[in-house]
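Undergrad:
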Amino acid sequence: MNWSDVAETVGEAAPMVGSALYGRAGGAVGSMVAEVLGVETTPEAVNQVMNDDPEAAAKIKKVEAELEQARIEARTKRLGQVNQTMRAEVDSDSTLKGGWRGFTGWMFGLSLGGVMASIIFEMFAGTTDRIELLRQAVMMFGVFGAVLGIDINRVGKERLAAKGIDSRSFTFMDALKTRVAGK
Numbered sequence: 000m001n002w003s004d005v006a007e008t009v010g011e012a013a014p015m016v017g018s019a020l021y022g023r024a025g026g027a028v029g030s031m032v033a034e035v036l037g038v039e040t041t042p043e044a045v046n047q048v049m050n051d052d053p054e055a056a057a058k059i060k061k062v063e064a065e066l067e068q069a070r071i072e073a074r075t076k077r078l079g080q081v082n083q084t085m086r087a088e089v090d091s092d093s094t095l096k097g098g099w100r101g102f103t104g105w106m107f108g109l110s111l112g113g114v115m116a117s118i119i120f121e122m123f124a125g126t127t128d129r130i131e132l133l134r135q136a137v138m139m140f141g142v143f144g145a146v147l148g149i150d151i152n153r154v155g156k157e158r159l160a161a162k163g164i165d166s167r168s169f170t171f172m173d174a175l176k177t178r179v180a181g182k
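If you count the sequence shown from 1, position 39 lands on 38 in numbering that gives the first Met the number 0, and the numbers rise without skipping.
#1: Taking 7 Å as the cut-off, decide whether the C-beta atoms of E63 and M15 are in contact.
#2: Whose C-alpha, out of A124, M115, G148 and G125, is nearest the C-alpha of A136?
#3: Going by alpha carbons, who is nearest to P66 out of W2, K162, M138 and A24?
#4: For a test of the three-state rule: what should DSSP assign to A13, helix, strand or coil?
#5: Are the stretch 137-155 and the stretch 101-117 touching by the rule of at least three beta carbon pairs closer than 8 Å?
#6: Could you check the C-alpha separation between M80 and I71 for me, to the nearest Å?
#7: Along the chain, where does the alpha helix (DSSP H) containing E34 start, and where does it finish?
#8: So, under 8 Å CB-CB, V45 and K61 are touching, yes? Tell me the CB distance rounded to an integer number of Å.
#9: Apply the 10 Å Cβ neighbour rule to M85 and answer buried if 16 or more other Cβ atoms are within range, or exposed otherwise.
#10: With a cut-off of 8 Å on the beta carbons, I'd call L132 and M122 a contact; round off their distance for me.
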């Protein structure tokens, strides 16, 4: 018997712990479960206590809460580091340190423009299958649209924030109401 054999039984009490027993960390999670249940660190012992002890489910839920808390703390720490890096870039006087995101965006846009121009050129040159080129052109316009939409959304939120307006509460319908009301 291995930890994945016990995963379904444990998963009835605590789904996240049960699914973790299937994964690469199954042994580590299994040893946590065994420790909380106060049994030997084997799938057989955990399975036995899960079937015999009615209190085992409550104990397993405690492990699940601890795992969720650890996951949230790790995510919060990671996001804090990303935000700290971004703040350092914004506060930097160096163009190379603070401007690489914009440079990357421009280069990506210029690259997409070059690819699109070559597709259009090839369509009119007539040396390849036009249906295939049309499919590629439509795909490229979709990529352009997605990139442009994301950037417009970001810039719009930044402008609203600069005016002190919460962008989460300012929707298209809010803008329409404001225009109709003449404010």
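The beta carbon of each residue, even a glycine, is placed where N, CA and C say it ideally should be.
TA: Considering the structure as presented:
#1: Using a Cβ distance threshold of 7 Å, E63 and M15 count as a contacting pair.
#2: Nearest option by C-alpha distance: M115.
#3: Here residue 66 is Leu; the residue named in the question, Pro, does not match the sequence. Distances from the CA of L66 to each of W2, K162, M138 and A24 were compared; the closest alpha carbon is that of A24.
#4: Correct three-state label for A13: coil.
#5: Short answer: they touch.
#6: Here the sequence assigns Gln to residue 80, which means Met is not the residue at that position. Per the coordinates, the alpha-carbon of Q80 lies some 14 Å from the alpha-carbon of I71.
#7: Element bounds for E34: G25 to L36.
#8: For a cut-off of 8 Å, the C-beta gap from V45 to K61 is around 14 Å, too long to register as a contact.
#9: Exposed is the call here.
#10: In this structure, L132 and M122 form a Cβ contact; the two beta carbons are roughly 5 Å apart against a cut-off of 8 Å.
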